[in-house]
Structure formats: C-alpha cells, structure tokens
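Enquirer: Before I ask anything, here is the structure I am working with.
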Amino acid sequence: MVKENAKTLLEINNLQIRFGGIKAVDGLSLSVKEGEIVTLIGSNGAGKSTTMKAISGMVKPFAGEIIFGSDNITGQAPNVIVSKGITMVPEGRRVFPNLTVLENLKIGAYLRYDNLTNDIDYVYSLFPRLRERSWQLAGTLSGGEQQMLAVGRALMAKPKLIMMDEPSLGLAPIVVAEIFEIIKEINRQGITVVLNEQNANMALKIGDRGYVFETGRISMSGKCSDLANDPKVQEAYLGKSK
Amino acid sequence: MENAKKKSLIKSLKYAIFFVLLFAALVIIDVKNPSYSMIITVLKKGTVYALIAVSMNILNGFTGLFSLGQAGFMLLGAYTYAVLTMTNEAREAVYYLSGYSVTFTLPWYVGLILAGAVAAFFAFLIGLPVLKLKSDYLAIATLGFAEILRAFSQWAKLEKITNGSIQLRDYPTFSKSSLLEGTVFENASLTPYVLIVSLCLLLIVLMINSTYGRAFKAIRDDEIAAEAMGINLAHHKRLSFITSSFFAGIGGALLAIYQSSITASQFKSSTTYEILLIVVIGGIGSITGSVLASYLYIACSEWWLRGLDSGSFLGLNLPNVFRSGFRMVVFSVIIMVIVLFFRKGIMGERELNLDRVGWFFTKILPSLFKKKNKAESGKEAVK
C-alpha cells in the first residue's frame, strides 16, 4: 500500500556491475518508495537478478551507489545488509533440504536475538500448510511448498524490503496465483516488495510501478498499468502481436 | 504447551538414564578386567578415535567442508601435550641427543587443554588462506598443510623442542595414577578416557544443537541461500574449522596418552583416511554414528579380525590362507560392501533414537520370531 508522499526507501544511482570484461549492469538508476510493489521485467540476461544480488551484497558493484533509507550500503557484506532490513528470496527457492521446516524458518531469523514464537506463528498463519509440515525435512516438500517456505524464511528476518527473484519459477499456475496473493498480503502489512518476474503478465497486474530492463540498462519505467498497455512492452514481454 | 514440556522432560530423562547406564557398564567392565586385556585396549582406543572422528564430522558432516587435515592437528595436540607435561628427569633421558629447551612442566589437564588450543590456533592461521577454497581443492590444501606440519615437527632445527624424529615418551598417562590407589578403581584405566571424551562430545552436541550448529548445517545445505539469510560464511567456516581442530588436538593428546609414546611418523595422511573411513561408515553428519563406527572399526581391526592374520578364524584353521596381511584384504571387502550397499553409513544423518531402539526390540524382533514359528507350524501341518 503506497501512501501519499511516501519516502524513498531504496535508491540506486548509476550502478555498474562487471564480470571480468562483461558489463552485466551498465549505468542503472532506480528508486523504490516505502510500501510499493516494484516489478522488474526484462528478458534473460538483462541484469535483473544481478541488480538484486548487488542490493543484497552478494555481488560487489564496480561503480555507482545503493542507498537504503539514509545509509549507503554499496558493497557492504550480505549479513550487514540483512541486519539493516533487506532480505532476498533467492532464485530457485534454495531452501535447506536437510533441515526441517521449522529449522529453515529459524535460520531466516539468524541475525535476530529476540523471541521468535510470534513470528513463527505469523508465518504459519500465512502458510497453514507449513505448520502441518513443521517437522518435515524441507527437501521433501513440493515445489510450491518450498517457495512458500522460502518466502516465510525471508519474512522471519522482519525485513523492511523483501526482494523476490522469480518466485513463480517452475510452479503450476494455481500455485503461482497463491504465491502472488501472499505477496499482496505481505505488502498490505507494510513491507515493501521488489519483484523480479519472467511472468510479466502477473507481475504487472500486482505491481505499483515497473522497470523494464534491457541489456543492463532501464529502457522504460512507469506505472504498471501504463506499462501493461504500452505496445512495445505488449509485443516484447506480454506476447501480444500488433 | 504443558504437555509438550512434559514430553520433552520425559524424553531427556530417558536419555540421561540411558547414558548413565552405559557409563556404569563401561566402569564395571573397566574394574573387572585388567588394563592389558583386549576389551579394555579396544574400548580405550575406540573412545579416543570416537572423539577424533566426531571432530572430523563437525567439519565434513555438519559444515560440508571436505578437509583432510585431521592428522596434522592430532600431531600438534599430541606433541604439545607430550612436550609440555614431561618432567625434567624424563627429558634428560628422552632428549639424549640434542638436549632440551623447554624446562617447565605443566599438569596433565593443562597440557590437554593447551593441546586443543595450539591445534585451534594453527587452524586459525591455516584457515585464513585455505577456507576460501571449495570441495576437492580444500581437501588437497588441508592435506598438504598436515604433511607440512609433520615435516616441520621432524625438522632438525626444532630438535630441542620436538626431539626431531625420535619418539617422545615418559609423559604423564592415566595408567599410573596414585590418586585412586587402594580403591576399587585402582586398576581403572578406561574411565578417565571415557570421562574426558564424554565431556568433549557433550560440548560438541550442545554446539551442534545451538544456532551456530544450525548455521553450519545451512552452509552445508546451500551456501548461497545461507549467505542471503545473513550468515557470515567466512566467519562460520572459520569457527567450524577451529572447533574441529581444537577437539582433534585434544584427541591427539589422548592418543599420545593411550600409546604412552609418540613419533611424528605415525601421523601420516593414512591416519586421516582411517578417520575419514570411520566417519563414512558411521554416517556423514551423525555424531552417534561416528562414535559407534569408531568402536566397531577399532574392535574389528585390533581384535575380531586378528585371527585372519594368525592362522585360525571362526574355527577354521587355514594357515596358508590366513597369513599376515589377509586381515586387510577382508577389511577392504567389508568397506567396499558398506560403500556399495549402505552408502549413507550405519546411521545416515540420524542420531541415536531410543524410541526407535525400543521399537526394534519390542516390535520388530518378536515379529521376526513369530513369522518363523508360523512357517514352522505350517510345515508341520503339511506333514
């Protein structure tokens, strides 16, 4: 839920990331306001995931700055960034297969020292299916349940900003709908969401604002409803021909 | 909630009783048998190896770092203990070629703790460059460092401290303790090992079950996700490496105490492989598995399969086949069978579960016998 005159939560200025000689992200700027759902769309290799990794500290930027709230978090260690309130749901779920569901959730709150009972109950109320499987090893869950666990695990850190890298990857349409419903629910409770999604149709439906990535740069940005009606976007990402 | 608390209390009580009984049994065996008997020897060595195997399991099984440096850290522990706890009279005899430069003598328990501390310190230093490596490369690097440590301890320039490649002996051991003279425990020699190792294992179990242990397992399962959750990879890997080496050092010191003399040449990489074997047989990632496997391994190699080397085994008397060295052939076959058919080891990633053990003895065993009876009675009916 975006309030009127909401503050800027995350700001990226002229970000550059290089892998050897390859410019994965080349002079990219974007901003996220408090309470928004921002969607990033674009083809494979456009630099969406890399940008997310840079924000979470797992990739060091070559140049540019990333500002979260009032802190400059450019190039800081992932654990510092998580403790400041940014968590990432990594691409392909990546739950810990040999830990139980409960242990996975507790790992999500690794940097917190307070009581977790309420938060575990909160995650279980969002995903009742996880409560049933609390003692099951995460590796034995279905793909959809693993995605729910990955989201729940990220929520355990009590983030201000949650970044989701392709949450719909390899999931059945009905499960995808469920996950997106949860994303909206999380956002309604005041958590800002950045969504990287191949399923541009869905992503533009639930997002407030969107950025279109093209070869390491942003080629278009604006309200999601506007982007969804833009003929170029429709042709390239929504599969509608003229 | 009340019910759950009650349940967990009953559960921990059950385990407490089980371990007290187990300990009592070991003490009784210890008191009833002379210290030179086979069963005591096997139990002693098995206890020492249990600690070393579990220390390796912290790294390989729980943190997913494949390290082969265990022998090096055992050597550091053994040498630290031997050098620092020897009396000056003993040193006169031991360092007869070179003379000695360490002239103070520490009590045995201080020596034991220092053995762990020195190994941990070296682990910290070695870990700085080495822990950046992954999988096989880490194994190769740690193996190399262990060999360097061994070569270093045999270096002529360090003769006055390590006695070069000549053995160290006459440091305090548990066999001649005057403390217990005149009591029932007069010839108890196994109990001190069991006490020390149990204490170390308890500390390890507490660590594995803490948030640190959970972070180790998370790193083992998925490094990238662990990093994304805010776990500092370098810090936790180093912590795991240092803890593992600390207990390997104490294990090395205990091995020195058990053998009552040590040389650097016995801490070759083959020692590491022996321990790796125990960890694999027991189950990578299971503490009770490692403990169980180390007793089994030591009992087999020192006791049960001895007959294969000396002529007669299981009542068969074939001196032409059962000659020295045949034991290792049979042993290799057993290991191959384990690796092929029990790929996860005896315990897999599970720990000892008393309910399962109880279920096995009350349900599974009787049902096996029942089936047999039925089959027999069926045969009779046909007749």
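Residue numbers (the numbering used here), protein chains in the order written: chain A, 264 to 505; chain B, -14 to 368. All C-beta atoms, glycine included, are put in the ideal place defined by N, C-alpha and C.
(1) Would you list the residues sitting across from K286 of chain A in a DSSP beta bridge?
(2) Thinking C-alpha only, which one of B:Y34, B:E74, B:I146, B:S(-3) is nearest L277 of chain B?
(3) Do S230 of chain B and A105 of chain B have their beta-carbon atoms positioned less than 8 Å apart in this structure?
(4) What are the boundary residues of the beta strand (DSSP E) that Y474 of chain A is part of?
(5) May I have a chain-ordered list of the alpha helix (DSSP H) segments no shorter than 4 residues that lie completely inside the region 266 to 293 of chain B?
(6) Since L36 of chain B and L281 of chain B should fall inside the 8 Å C-beta cutoff, what is the C-beta to C-beta distance between them, to a whole number of angstroms?
(7) S362 of chain B by DSSP, collapsed to three states: which one?
(8) Considering only C-alpha positions, which residue in the set A:S306, A:K296, A:P341, A:L374 is nearest to V322 of chain A?
(9) What does the Cβ neighbour count give for H221 of chain B, buried or exposed, with the cut at 16 atoms within 10 Å?
(10) Output the boundary residues of the alpha helix (DSSP H) element that contains D384 of chain A.
(11) For G402 of chain A and F331 of chain A, I'd like the C-alpha separation in whole angstroms.
(12) Which whole-angstrom value describes the C-beta separation of I331 of chain B and G268 of chain B, a residue pair presumed to lie in contact below a C-beta threshold of 8 Å?
(13) What does N42 of chain B touch in chain A if you count any residue whose Cβ is under 7 Å from its own?
(14) Just to confirm, is the Cβ distance from S138 of chain B to L60 of chain B under 8 Å?
(15) With a threshold of 8 Å between beta carbons, is L404 of chain A in contact with chain B?
(16) A340 of chain A CB to nearest chain B CB: under 8 Å?
(17) Consider the Cβ of K361 of chain A: report whether some Cβ of chain B lies at a distance smaller than 8 Å.
(18) Should M321 of chain A be flagged as near chain B, meaning a C-beta pair shorter than 8 Å?
(19) In the structure shown, what three-state DSSP assignment does S174 of chain B receive?
(20) Bridge partners of V295 of chain A, per DSSP?
(21) Which residues does DSSP list as the beta-bridge partners of S386 of chain B?
(22) Go ahead and label R341 of chain B buried or exposed: buried means 16 or more other beta carbons lie within 10 angstroms of its beta carbon, across all protein chains shown.
(23) Look at the Cβ atom of F232 of chain B, then the Cβ atom of G101 of chain B, and state whether they are nearer than 8 Å.
(24) Going by beta-carbon coordinates alone, are G343 of chain B and I204 of chain B separated by less than 8 Å?
(25) Under 8 Å, Cβ to Cβ, is there at least one residue of chain B near P353 of chain A?
(26) Tell me whether E365 of chain B is buried or exposed, calling it buried when 16 or more other Cβ atoms sit within 10 Å of its Cβ.
(27) With a threshold of 8 Å between beta carbons, is A466 of chain A in contact with chain B?
(28) Any C-beta of chain B sitting closer than 8 Å to the C-beta of K296 of chain A?
(29) Would you mind giving the Cβ-Cβ distance between V190 of chain B and I263 of chain B, rounded to the nearest angstrom? I have them listed as a contact below 8 Å.
(30) Quick one: grab the DSSP three-state call for T529 of chain A.
(31) Applying the 10 Å Cβ sphere with the 16-neighbour rule, what's the burial state of K(-9) of chain B?
(32) Per DSSP, which one or two residues make a beta bridge with N335 of chain A?
(33) For the region 331 to 348 of chain B, list every residue whose C-beta sits within 9 Å of some C-beta in chain A, in sequence order.
(34) Could you check the C-alpha separation between L(-6) of chain B and A1 of chain B for me, to the nearest Å?
(35) Is the Cβ of S(-3) of chain B closer than 8 Å to any Cβ of chain A?
(36) Given that I370 of chain A touches chain B, what residues does it touch there, using C-beta distances under 8 Å?
Expert: So, to answer that:
(1) A:R281
(2) B:Y34
(3) yes
(4) 472 to 477
(5) 272 to 284
(6) Between L281 of chain B and L36 of chain B the Cβ distance is about 16 Å, and since that is not below 8 Å, they are no contact.
(7) Confidence is the limiting factor: at S362 of chain B the pLDDT is only 49, short of 50, which leaves the residue's position unreliable, though a coordinate-based value still follows. If DSSP states are grouped into helix, strand and coil, S362 of chain B belongs with the helices.
(8) A:P341
(9) buried
(10) 380 to 389
(11) 34 Å
(12) 6 Å
(13) Neighbours of N42 of chain B on chain A: none; closest Cβ ~14 Å, over 7 Å.
(14) yes
(15) no
(16) yes
(17) Reading off the sequence shown, one finds Asn at residue 361 of chain A, where the question assumed Lys. Closer than 8 Å: yes.
(18) yes
(19) coil
(20) A:L273
(21) Any answer about residue 386 of chain B is impossible in this case: the structure gives chain B only from -14 up to 368.
(22) exposed
(23) yes
(24) no
(25) yes
(26) Bear in mind that a pLDDT of 47 at E365 of chain B, under 50, signals an unreliable position, so the model cannot answer this.
(27) no
(28) no
(29) V190 of chain B to I263 of chain B, Cβ: 18 Å. No contact.
(30) The structure shown has nothing for residue 529 of chain A, since chain A only spans 264 to 505.
(31) exposed
(32) A:I330
(33) E334
(34) 10 Å
(35) no
(36) R199, A200, A203, A211, M214, I216
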